[in-house]
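Numbering-wise, the sequence shown is residues 232 to 1358 according to the numbering used here. Just below is one structure, and these are the notes that go with it.
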Amino acid sequence: MASNLQRNANPPNPNFSSESTEEYFYYIDAHVSQLQTNTVKLFGKLFNESQNQWLSCCVNVHNIKKCLYVRPKESDGDFQLVEQWLKRGPSGVPVQDYQLDYVYKKDLCHTKDPGKKIKFIRFQYRRLDRFTEKWNPPSNIVLYGESSTALERLLTEKGIKRPGWLAISLPCYRKFCDNTTWCQVEIDCRDLTYVSLPDINQVPLKDPPIVATTIQISLSDSTPAGSTNQPEIVMIGMKTMKNLKPNGCQSGASLSEESFFITKPSNSNSQDWSDGINEKLSNNETTTILIHHDEKSLLDEFLRKLHSLQPDIIIIYEGPHLINLIISKLVKYTDCKMNSSQISRYKAASLINFDSFKCKTKYGLRNLLKRPMCYLQDSIREVWSKHRRDDIDTVCHKILGTSIGDMKPVAVSKVPVIYQSKDDIGSFVEHTIFETRTINDLVMKVNILPLAFELCAITGYTLSGNLLFSRLERSEYLLCHAYYKKDYVIPDRVKISSERQKFEGGLALEASIGLHDKIAVLIDFNSLYPSIIQEYNLCFSTMPGVRNLGPTDRKIPNHEVPPGVLPREIEKIIESRREAKKSMKEATSPEIKFQHNIKQLSLKLIANSICGCFGASAFRFYALNLAAMITALGRDILLRTRNFVETRGYEVLFGVTDSLMINTGVTDYEAAKDIAAGIINSVNAQYNYIKIDIDSVLRHVIILNRTQYRFSAIEMTPEGEKKLRIGTKGLAEKPPYTCQLIDDAIEFLDRKLLNDSSHDEKIDAIREYLQDVAQTIIRGDVENTLKYFIIKKKLPDDVENIQRNKKAEIQAAIRYNRNVARNPIYKLRKGDYVEFTIRLTGQQKSFEERAIPQFLNAESIKFPFDLEYYIFQALIPIITKYYKHIPGLTDEFIAASLGMLSEYTSYKSTSKYKARNRHACNNINSLNSNTPGSTKTNEPFVFPCASCQYNVEMHDFWITHNNSKFPCLQLCPKCGATGWCRYLQKFLPSLNSEINKWCKLFHEGRQYICEDNYCKETIFSRACEYQKHGRRFLTSFERHFLEQFAYWLDIFDIDGQPMYLRDTVDPIITEMYRYLKNEIERAIRNNIPIIDLDFSTIESTDMLSYLEDDEMPSFKSFDNWRFPQDA
């Protein structure tokens, strides 16, 4: 083990020949110069034959002038007047050094024929100060190029896309002492005409290796000894891969180097802490560990090592905040001899102004450091959406197979304590080494680097930009390259007003909620939005003035119009992906198969993201009309396909944006595929480019709502056998507090309900499982069952800042800090995980206030688990919410299976249960009535019959007429009329009047009772004059008010009715019920305060204080509304 690092002296300036007329330079990344906006710095590698090694190199391409394209707005305008206006310069500042000539280009925005070349003045000049360079052309002049950059002009005009070889003519080598960057070689190039793409066969050199360094940082709490609130850096791990291929893949045998720098926290008094490291890692010969006496020397050595490695890419898992922390420390130590700018590629990098917010974002850091930075967490979330919510521990477990907890970060507040023990400090160092190696393995496993290199090759954007996975920027450069090749003038960004118009997005069809045991086929449109662009030839070049149209204007080009640039570019992307997927299947070599897979994945990312950019105001090719037309056509195609499927006699169970789930009505796998194939062939025959295909075959599916479902999919193994895969689609609404008891129950129910057993067998299996849970977990030994009841939550902030918050994890942290953490360094802080259980403490408090952390073992054992919370308030509500449409799976069934039916029946009679069932909070769907018989005290909804004017009283969803059941809105019980109910305006004024009446009563009659037992003062203001408390008891009137709204939701809830009865209802009546319930929910959300009824309390600050008499809600949308079928 090395005791210190060998300080490598700066390499001597290579003796390159000054007479060389051309130099081959391997380009990797590019940035605009900080000081000279007319200069672009190309970073890459140069081979030195005398030293027989690759050297880091920077090529400064100077004199890249700004290029404007200007013409009169009218075709017969005077070009002489335009020249005079140009010579006056921007903001009245004359331009001295300029070139002016006439060219013929195509105009995308200000002409009726975008495909025709017209005359432009090309005006080239040296860029001025960005505050002075504002042209502000008059209304009779068209100007392009004002928002272009030197980097954009270099890449588009030279056709530079992916990292590769460039030929630099007449290179001028700088002396090492005159270099502006930390690169080993720096070359000056006169202008962009001296840069060219060589024939790859003429380059006499092989591609150089790419160097990537993974950095992992361990922190420690600096309080109370620290002078700042920032944590201290106590360890930095670096693992460098030195032989990556130019496409980001690992080549041959792994050639890597590991270095770790460690110091102790300033508030640790341990003297022999380094002995634990030597004892623990004495046999580790492959790892260099350097021990430092303070944070300053650690950072100094880290910078030296980083400079000696000259990495092309820096990899870090979490977001830019760790890099921000390093830079802020370097700013703090600017008085020492350390070259703090070595963290950047610029020698003159200004870290003093780092406090600017723009510098602290990942895009600001890119401009400051001039290095390709791979933030692995953001990259994984962008490319693999299924890991979007996972932390690093979960991601490594799912992808690399590590054990849960292996990558769990060490809390900064625990690090000073760790340094008190030799064994602990050795384990801490081993953990940081393991983290660094695992992150390095993770970046190679998920192939982020090859993906970024392939994105460069397709879009023509820089490596540093593609590593950030910026959809707008990469789409901009893709279109800039495409339009430039076709002689179009690239448009500038448009200035969008703050009140810009919005447009409607994708469509979610009404879902058939419940369990479906017949095979359902999920069909999916292949790249729907890109295919729409091809199908309807949507492009700036085929739709004149599309940027100036509103979102509702739909002017689709005629069939005679030739394909535009955008459809042709989309076609190339889709065809290239199709060929890549085909080649991937045919490839026999794993390496070739891997390359094709990376290519098709890159093409998929580009195709799926480019269409969504047109509606983003920051996009250079922003066109609201184009974005709105794409989504509108997508909705039309989805509805048309659904109608076609229904005409064939099949039910559409689920549909969203670009996919439909079709109930085939059969249980045979091959028969279901044949049915789907017939539908697919018929739909595909209607279009030229829009195609659908089978996404998956679902044996069983439980549809929860319009965006989420659980399923068991039939998949074929390589041996030709069928197997079931259980999964969930859509973003599930996770319960606020979950534990292993709930997670295991949901997993078991999914596994049992989504199989081929009969319904009775499924219910029996669930009953046996719940009985086993009751026997082994609920009534089992506390020590063995503890893990099933532990709830784990992360603290969103320091406890001192949120101690008034009543959340359970915060109350548990407060209890822990007050009873255990006497020393500040032991306290739970922001980001720490709190493990707690809900216990019966003998006090009449909310369950949040009875959350006891697991660290208080002695206190926990004294109190039993609160089974009323775990079973009645957590387990049963979650199961009934997910599976409420499964016959027989009721709350009473679950309670009876657990042997707690009598306790649950008693609990249902309490005010706490009734309050939960009428919870008027953000999740308005939980505002339902208790039982059908519990609504007798509520006022019925009364509306007049349009035929006989009889006042129909709506007490329940169903009404009995001639010994048959009908929905109450389907017919009049007196005259039997049915058709009148289709017209909502006939009775909606009654509903409007009732809602206004109850809101007004609530506003005028709301009262509060002080929660203090010694006060109990009835008050009408927000705060009690005697006891200043924030929470208030609800009066009986307010409860009745909330029950009334819950009652309305219950009688309009058609989806809550049994399926065998719901299927008999007229589809138009079904849609009417859903519409009415949705309108009532919206009224509640807009006009009822957020009320927490779990503990019979209400937050006074959330009351409806803003609702005055003249501001009563009115449903203007009801006035003339009819169903589309009856319009």
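Note that CB positions come from ideal geometry on N, CA and C, so glycine has one too. These figures come from a predicted structure and were not determined experimentally.
DSSP, read as helix, strand or coil, puts Thr445 in strand. Between Tyr692 and Tyr708, the C-beta spacing is below 7 Å. Excluding five sequence positions before and after Glu613, the CB atoms of its chain that fall closer than 6 Å to its own CB belong to Phe700, given in chain order. Assignment of Cys1176 by DSSP, reduced to helix, strand and coil, places it in the coil class. Put simply, of Leu1202, Cys289, Lys470, Asn1309 the residue whose alpha carbon is nearest the alpha carbon of Phe256 is Cys289. By alpha-carbon distance to Phe734, the top candidate from Gly958, Arg785, Asp621 is Arg785. Within the model, the alpha-carbon separation for Ser758 versus Ile906 is close to 23 Å. Take Tyr329, set aside five residues on each side of it, and the residues of its chain with a beta-carbon closer than 6 Å to its own are Tyr356, in chain order.
In this chain, Met604 is not harboured by any alpha helix (DSSP H); it is covered by the beta strand (DSSP E) spanning 604 to 606. Of all C-beta pairs linking the segment 462 to 482 to the segment 423 to 432, fewer than three are shorter than 8 Å, placing the two stretches out of contact. Taking the C-beta atoms as reference points, Val292 is found nearer than 7 Å to Val271. In this chain, the alpha helix (DSSP H) harbouring Glu666 covers 653 to 676.
With a threshold of 16 other beta carbon atoms within 10 Å, Cys1206 falls short and is exposed.
Around the Cβ of Asn912, a 10 Å sphere holds fewer than 16 other Cβ atoms; the residue is exposed. In the three-state DSSP reduction, Ser833 falls in the helix class (H, G or I).
Distance check between Phe278 and each of Pro303, Gln415, Gln311 places Gln415 closest, using alpha-carbon atoms only. In the DSSP assignment, Ser572 falls outside any beta strand (DSSP E) and carries neither an H nor an E. Counted as a single uninterrupted DSSP element, the alpha helix (DSSP H) harbouring Asn555 occupies residues 552 to 563.
In summary, Ser989 is exposed, with fewer than 16 beta-carbon neighbours lying within 10 Å of its beta-carbon over all protein chains present.
Just so you know, the alpha carbons of Asp867 and Gly736 end up roughly 12 Å apart. Cβ contact annotation for His538 (same chain, cutoff 7 Å, sequence separation greater than five): Trp413, Gln573, in chain order. In the structure shown, the three-state DSSP call for Cys408 is helix. With 16 or more other Cβ atoms inside 10 Å of its own Cβ, Cys687 counts as buried. Excluding five sequence positions before and after Phe1020, the CB atoms of its chain that fall closer than 6 Å to its own CB belong to Cys970, Thr1068, Phe1096, given in chain order.
Taking one beta carbon from each stretch, the segment 977 to 996 and the segment 1114 to 1128 have 3 or more pairs nearer than 8 Å; the two touch. Listed in chain order, the non-local C-beta contacts of Gly745 below 8 Å within the same chain comprise Ile933, Ile934, His1116, Ile1117, Met1290, local neighbours out to five positions each way being set aside. When the beta-carbon positions are compared, Ile295 and Leu423 come within less than 7 Å of each other. With at least 16 other beta carbons inside 10 angstroms of its own, Asp260 counts as buried. About 16 Å separates the Cβ atoms of Tyr900 and Ile754, ruling out a contact at the 8 Å cut-off. Within the model, the alpha-carbon separation for Glu1274 versus Lys1139 is close to 16 Å. The three-state reading of DSSP puts Gln282 in coil, since its state is none of H, G, I, E or B. Between the alpha carbons of Glu822 and Glu946 lies a gap of roughly 26 Å. With a minimum length of 3 residues, the unbroken runs of beta strand (DSSP E) contained wholly in the segment 751 to 809 fall at 751 to 756. Tyr1047 places its beta carbon 7 Å or farther from that of Phe1078. Contact fails between the segment 333 to 353 and the segment 394 to 407, because fewer than three Cβ pairs, one in each stretch, are under 8 Å apart. The beta-carbon distance between Asp438 and Pro477, rounded to whole angstroms, is 4 Å. This is short enough to meet the 8 Å contact definition.
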